[in-house]
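Asks:
6 protein chains.
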Amino acid sequence: MKLADMTWPEVGALDRETVVIIPTGSNEQHGPHLPVFTDSILATAVSEAVEAKIGGKILLTPTLWLGASSHHLAFPGSLSNSMAGYNEALKAAIESLHRHGFWKFYVINGHGGNTSLNDVALRELKELHPNLLLGHSGYFTYCADLCAEVLEGPAKMIQHSCEAEVSLMMHVRPDLVREDKLRDDGLSIPVPGMIHFFDEMTEEGSRGYATLATAEKGKRLFDKAVDGLVNAVSLLHAGYNLGG
Amino acid sequence: MKLADMTWPEVGALDRETVVIIPTGSNEQHGPHLPVFTDSILATAVSEAVEAKIGGKILLTPTLWLGASSHHLAFPGSLSNSMAGYNEALKAAIESLHRHGFWKFYVINGHGGNTSLNDVALRELKELHPNLLLGHSGYFTYCADLCAEVLEGPAKMIQHSCEAEVSLMMHVRPDLVREDKLRDDGLSIPVPGMIHFFDEMTEEGSRGYATLATAEKGKRLFDKAVDGLVNAVSLLHAGYNLGG
Amino acid sequence: MKLADMTWPEVGALDRETVVIIPTGSNEQHGPHLPVFTDSILATAVSEAVEAKIGGKILLTPTLWLGASSHHLAFPGSLSNSMAGYNEALKAAIESLHRHGFWKFYVINGHGGNTSLNDVALRELKELHPNLLLGHSGYFTYCADLCAEVLEGPAKMIQHSCEAEVSLMMHVRPDLVREDKLRDDGLSIPVPGMIHFFDEMTEEGSRGYATLATAEKGKRLFDKAVDGLVNAVSLLHAGYNLGG
Amino acid sequence: MKLADMTWPEVGALDRETVVIIPTGSNEQHGPHLPVFTDSILATAVSEAVEAKIGGKILLTPTLWLGASSHHLAFPGSLSNSMAGYNEALKAAIESLHRHGFWKFYVINGHGGNTSLNDVALRELKELHPNLLLGHSGYFTYCADLCAEVLEGPAKMIQHSCEAEVSLMMHVRPDLVREDKLRDDGLSIPVPGMIHFFDEMTEEGSRGYATLATAEKGKRLFDKAVDGLVNAVSLLHAGYNLGG
Amino acid sequence: MKLADMTWPEVGALDRETVVIIPTGSNEQHGPHLPVFTDSILATAVSEAVEAKIGGKILLTPTLWLGASSHHLAFPGSLSNSMAGYNEALKAAIESLHRHGFWKFYVINGHGGNTSLNDVALRELKELHPNLLLGHSGYFTYCADLCAEVLEGPAKMIQHSCEAEVSLMMHVRPDLVREDKLRDDGLSIPVPGMIHFFDEMTEEGSRGYATLATAEKGKRLFDKAVDGLVNAVSLLHAGYNLGG
Amino acid sequence: MKLADMTWPEVGALDRETVVIIPTGSNEQHGPHLPVFTDSILATAVSEAVEAKIGGKILLTPTLWLGASSHHLAFPGSLSNSMAGYNEALKAAIESLHRHGFWKFYVINGHGGNTSLNDVALRELKELHPNLLLGHSGYFTYCADLCAEVLEGPAKMIQHSCEAEVSLMMHVRPDLVREDKLRDDGLSIPVPGMIHFFDEMTEEGSRGYATLATAEKGKRLFDKAVDGLVNAVSLLHAGYNLGG
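Chains as they are written, first to last, in my numbering: chain A, 1455 to 1698; chain B, 1455 to 1698; chain C, 1455 to 1698; chain D, 1455 to 1698; chain E, 1455 to 1698; chain F, 1455 to 1698.
Laid out in structure tokens, this is it:
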């Protein structure tokens, strides 16, 4: 079910085993070839596809689209929430529904820059409400293996406005891909864990081999992510158990 | 122009006299007859209608939909940002674009509970960045006079899921109005400025005379708000001047 | 009763239906003709007049005089609390007395710049302590109708160091009015909800028609505000009820 | 000069060597014999006496009366700001005047519970504005030596609603002293630096030998504190220098 | 060089290309067989070994040992900083030295629970000080490949008080390993990104195959991590460049 | 017992009358003759000496070494936590162990700049957890009387890198004293409570008569502090009572 369209008595009538799905995205530059809302578009599209398959097990909230994107702020049109603001928003959304009796929450993330913050926010919530069942993951985690197989460029993972992400957008919203602007970009980083702005490590904001993107690759990655999430969320719904 | 669909070079090419429009809404109970996303739907629809008329003067951001709705939290499905989280998000959105050279911002609000917070956030920004041109208003301010004329029930202003708001939804998203659930509701408050929860002062979450709503009233109010905003935003664009 | 003068056993002996009255003011420029403490002086004077009439129903706290006045900071002698600091102070005062069993609180405000903040603070308190009875209002709300009648200048409401406010000071503290400095000032703002500093929209800090002020107008406005507040606070004391 | 009574042009005309004096007090229980505003009354009275002597060197602000009094909250009528709220208020007052060119600030404190917080706030300000000249002290520091001489009870320092403080109130505001309620109270603490509530270490809220208080002792202590402060503030005004 | 032992003139004389190394650890339960300070001990030992090899390129600070360990708090003796407190401490340490002209910082982390927080803190710093060169990594990242080879149990990575971590402690501080208490523990988690407490997913606090640990394995992992870090830090010192 | 070396079952087995000892120090310049870790070294050494004498009554945590040292930041190598960060860390350490049933805490401080902050943090904790037994003191409080007797220079108290502190370091860690750099330094401050940076009131960072330091003086002061603390902590352990 999609929360936005429901009335409160309809929400009130839901089974409390329902898994609340919260998509998180961003509004940040994606090079000259993808729109700034790309991460939000993809996290939403994947989440809605999951909802289309197992809607009876899910309460899908609107997308928290104002991500943590300070590393993109040199590029016009990028919006970034503060770290504190992002943290508050995610916690507030979950605490609101927790008050109504929901206790299973899974965040489907479309923006790598949100990952650490999703982790911190959920850990803070767990501390406050130990009985909550909380999880978060990039949708891209669920198609990481397929990336290594499908991608033709040397980067075998989702990066940013890259072969994988452009492919996904060609599948989901081809009207928003500027095909004439596709370009490969991005420098390699020789030391693990360095913190860089995108204007330090790209020429025009993308990382990876966008010129190799195709809608067909996008469809395969998309379907893989949806299938994996359908499976994971179904486990959470059914009564997820820590294994022996 | 709609920011979400643009690439960063496209945003970068915009004239910096462009007025940034930020819609603010909520995800909160609207009685048994309207969906929880009503305020966000209406603020977005009005803003998009303004953009459709004078798009060349406007950069329209995605809607900040996670409003301050703690007074509705007793009703399932209501989400409320914390006061601090709401404040951070609005300020961060504006500061991001300020960094890119935009300096005219107008917030179009769809939820009364955000009004004080929009005021506080913009005043804090003004303190930090005195040269910004900042304003905020409910879209409903722009059709307040017409309300007094159009509404047939005793409440002559927009309240909550009332004659006016249901009429607007009948005009904008009739598919989401539960016509069979329409009801009049809400108690009167004998002292100015009292702080109440909606479960204290309504039976099922709405205030006003929803049973009197019609799509035609909605169209009139909607068009009036849009016209007023088109005029106001055009003033800001043209080089708004404080009068003598 | 006035809290400042009481001992703790005397406070402890009070009926817990007693309404706690908290005046909020400011210390900010009021043009060349009124002292910076004007808002605090007036909020205090009105509150004390209410207390003089129905002291047995009221516990009057000292005035929270450090208001939110960042829009006046260009003028020497203006002090402004931070938004966060103002919020903390008001909440802390109420939470302290809540701990002692008081549960009815009404804030009498003398400074427009505090209004949004009073709203936010009381809503946060209501969320934490749902059983509190909380309200806030400018004293000027209670004489707004009379303003339209009494004021001779084109501005028919209380603005800032204007015909109404100077009149009130001529009634309450004539020794502090610089009659030789009275002046009309202030520009009109063509778009609703714009955020401006007072140095942007006035020449010397006042808005309105101070030259038309008289002590007699002040007395009428003052008495009207006091009467309205006596009535409102008495309702809160007696067992205020939401109407049908 | 007293800030509250001044207009902004009058403040603007002041010499910027003027020392800003900020009294800090509390609104907290003082046993059955003194009113809750005692600390604020005394800090204000001392500050005004200093101003009466060397007013041309001083800009005296209104008293920050909402102190940090959580250790007194068990007693009805005690108000306590949060630690954060107190910190914000003091810093905001100073930063406001710093913006107007004042740079010499001295806090005259009337409440021991504010001491650590005054220290923290001023150190934070010094970090932000290294050129500020900042100091704080209890007025009681300036009569500490005389206490040892004047007080007859075994406690040879100012404690709380004690011989010294009651004496001061007998001198300053005898109408507010409940002479028939005077009592000795308070337990001794065998380990340095223990954190206690007043309901843990007193019977009725006072510490020390209030029954020994006299107005004459109060006058001597008061005058000593005023003289010491006049001297100290004059040094700050004249161009205070760190000694060799 | 080790900062703790140096005087300020000695620090002042250092070349500003020096890489500041900040070890981060924890004080949290490590099962019945390892002491609570394990993560701090290992992060410190690795960092000191790096310093022993290339001390002239490094300024090694004391270890930030109060980690983010809320997921371990059910076990006595575990200390956890708040998320905010951890963030402040790391940022403050770096900003202090940044003020002295150092601009290359690398955090060597010994506790997985700090990883997200190190990321957030460094990103916030980068936003404030864009010219800083900032990086962070678990020391365990540098021996991850060798883990897959060396470890005999089914878990092929460092977990918590596991085969790898106990081996490392057998190498570094064998006196602190309770060999008679070694045990295998920990449940598997069927969905990625779930947030769990250690009392939910272990019996006695450890995860992995501690019974298989040996000092020899520990030495190999330790040396591998040190070698990798020596190489990485040397790159940062020499003038680390983003690759083509 | 020393917490760092213990396992959680060992901590779990402790008597809850055990007094938790938390040393607090700093990492800040101590002139040209002492290392930056001096305050942490001394607070730790004193605490360990107390533990060596009455270890069965004590749980000694690692030292919170990142103190509040903003007044030393002009000198390279000084690290200062923010006021907020210091506050969070101390509260978090205590709240963690409070969760495990410990309720007696005593902070042994080695840095004057932490004193106000220790006071504020413990008062905040006391408000949250009224049943905690909380105290804090500089170790130097316990040898203050002896200072007046032992010190030969005109300063009869511990200042900073002075006769007393250098003497203590000569006793505890003579290898870290730069004897050839010892110097007397520091200006006198003619007004109580002034807030100064160390670069304003010293030439090279120390205050007092370091040239008069001897290891023997250090031993006497050290032993006196240890004895006093052993006595105080034993009282807390035994069932400390407020005296009549």
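The C-beta atom is built at its ideal place from N, Cα and C for all residues, glycine as well.
In this text, all values refer to a predicted model and were calculated from it rather than measured experimentally.
Indicate whether E:Val1626 and E:Lys1671 have their beta-carbon atoms separated by less than 8 Å.
Replies: no
Asks: Name the residue from A:Val1504, A:Leu1641 and A:Lys1558 whose alpha carbon lies nearest to the alpha carbon of A:Val1680.
Replies: A:Val1504
Asks: Using a Cβ-Cβ cutoff of 7 Å, what residues of the region 1643-1662 of chain D are near chain C? List them in chain order.
Replies: Gly1659
Asks: Under the three-state reduction of DSSP, which class applies to E:Pro1486: helix, strand or coil?
Replies: E:Pro1486 sits in a strand when the DSSP states are folded into three classes.
Asks: Given this structure, state the Cα-to-Cα distance separating B:Arg1470 from A:Ser1524, to the nearest angstrom.
Replies: 21 Å
Asks: Report yes or no: is there a C-beta of chain E within less than 8 Å of the C-beta of A:Asp1573?
Replies: yes
Asks: In angstroms with no decimal places, state the Cα-to-Cα distance between D:Asn1572 and F:Gly1566.
Replies: 15 Å
Asks: Which residues in the same chain have their Cβ closer than 6 Å to the Cβ of B:Ile1512, if we skip the five residues on either side of it in sequence?
Replies: Cβ contact annotation for B:Ile1512 (same chain, cutoff 6 Å, sequence separation greater than five): Val1473, Ile1475 and Glu1505, in chain order.
Asks: Cβ closer than 8 Å: which chain E residues qualify as neighbours of F:Met1460?
Replies: Going along chain E in sequence order, the residues near F:Met1460 (Cβ under 8 Å) are Pro1489, Val1490 and Gly1531.
Asks: So which residues of chain B does A:His1525 contact, with C-beta pairs closer than 8 Å?
Replies: Result: empty, since nearest Cβ-Cβ is about 12 Å, beyond 8 Å.
Asks: What does E:Ala1543 touch in chain A if you count any residue whose Cβ is under 8 Å from its own?
Replies: In chain order: nothing, as chain A lies at least about 15 Å away.
Asks: Since D:Gly1589 is in the beta strand (DSSP E), which residue starts that stretch and which ends it?
Replies: Leu1587 to Gly1592
Asks: Whose Cβ in chain B lies nearer than 8 Å to the Cβ of A:Ala1546?
Replies: Leu1520, Leu1533, Ser1534, Asn1535, Ser1536 and Gly1539
Asks: Cβ of D:Asp1493 within 8 Å of Cβ of D:Gly1479?
Replies: yes
Asks: Restricting to runs no shorter than 3 residues, where is the beta strand (DSSP E) found entirely within the region 1595-1681 of chain F?
Replies: none
Asks: Can you have a look at A:Met1623 and say buried or exposed, based on whether 16 or more other CB atoms are within 10 angstroms of its CB?
Replies: Counting every other CB atom within 10 Å of its CB across the protein chains shown gives A:Met1623 a total of 16 or more, marking it as buried.
Asks: Please report the distance separating the alpha-carbon of A:His1583 from that of E:Val1574.
Replies: 23 Å
Asks: Counting only Cβ-Cβ distances shorter than 9 Å, please list the residues of the region 1581-1612 of chain E near chain A, keeping chain order.
Replies: Glu1581, Pro1584, Leu1586, Leu1587, Leu1588, Gly1589, His1590, Ser1591, Gly1592, Thr1595 and Tyr1596
Asks: B:Tyr1694 and C:Val1645 look like a contact to me (Cβ under 8 Å); what is the Cβ gap, rounded to whole Å?
Replies: 6 Å
Asks: What distance in whole Å lies between the Cβ atoms of C:Gly1589 and C:Ala1497, which are believed to be in contact at a cut-off of 8 Å?
Replies: Actually they are not in contact, since the Cβ atoms of C:Ala1497 and C:Gly1589 sit about 15 Å apart, beyond 8 Å.
Asks: Along chain D, in chain order, which residues have C-beta atoms closer than 9 Å to that of F:Arg1577?
Replies: Ala1522, Ser1524, His1525, Met1537, Gly1567, Ser1570 and Ile1649
Asks: In chain order, what residues of the same chain have a beta carbon less than 6 Å from the beta carbon of B:Tyr1540, not counting five sequence neighbours either side?
Replies: Ala1522 and Leu1571
Asks: Whose CA, out of B:Glu1464, B:Val1465, B:Gly1466 and B:Val1490, lies closest to the CA of B:Glu1619?
Replies: B:Val1490
Asks: With 8 Å as the threshold, decide whether the Cβ of F:Gly1564 is near any Cβ in chain I.
Replies: Although the question refers to chain I, the structure presented lacks it and instead comprises the protein chains A, B, C, D, E and F.
Asks: Between A:Ile1612, A:Asn1585 and A:Gly1607, which has its C-alpha nearest A:Tyr1596's C-alpha?
Replies: A:Ile1612
Asks: Select from D:Val1465, D:Leu1587, D:Arg1637 and D:Ala1528 the residue whose C-alpha is nearest the C-alpha of D:Val1561.
Replies: D:Leu1587
Asks: Checking contacts by CB at 8 Å: is E:Val1465 closer than that to chain F?
Replies: Chain F contact via Cβ: present.
Asks: Using a C-beta cutoff of 8 Å, does F:Leu1457 count as contacting chain E?
Replies: yes
Asks: Could you spell out where the alpha helix (DSSP H) holding B:Lys1580 opens and where it closes?
Replies: Counting along the chain, the alpha helix (DSSP H) containing B:Lys1580 begins and ends at Thr1569 to Leu1582.
Asks: Where are the alpha helix (DSSP H) runs, 4 residues long or more, that stay fully inside the region 1497-1556 of chain F, in chain order?
Replies: Unbroken alpha helix (DSSP H) stretches of 4 residues or longer found wholly inside the region 1497-1556 of chain F: 1537-1553, given in chain order.
Asks: Output yes or no for whether 8 Å exceeds the beta carbon distance between E:Glu1657 and E:Asp1639.
Replies: A contact, by the Cβ cut-off of 8 Å.
Asks: Let me know the secondary structure DSSP gives F:Thr1478 once reduced to three states.
Replies: strand
Asks: Determine the DSSP secondary structure at C:Asn1695, reduced to helix, strand or coil.
Replies: coil
Asks: Shorter than 8 Å from the beta carbon of D:Ser1501 to some beta carbon of chain C?
Replies: False, the Cβ-Cβ gap to chain C never drops below 8 Å.
Asks: Write down the C-beta distance between C:Gly1485 and C:Ser1642 rounded to the nearest angstrom, noting that I regard them as a contact closer than 8 Å.
Replies: The pair is not a contact, with the Cβ atoms about 17 Å apart (cut-off 8 Å).
Asks: Using DSSP's beta-bridge definition, name the partner residues of E:Val1561.
Replies: E:Ile1476 and E:His1590
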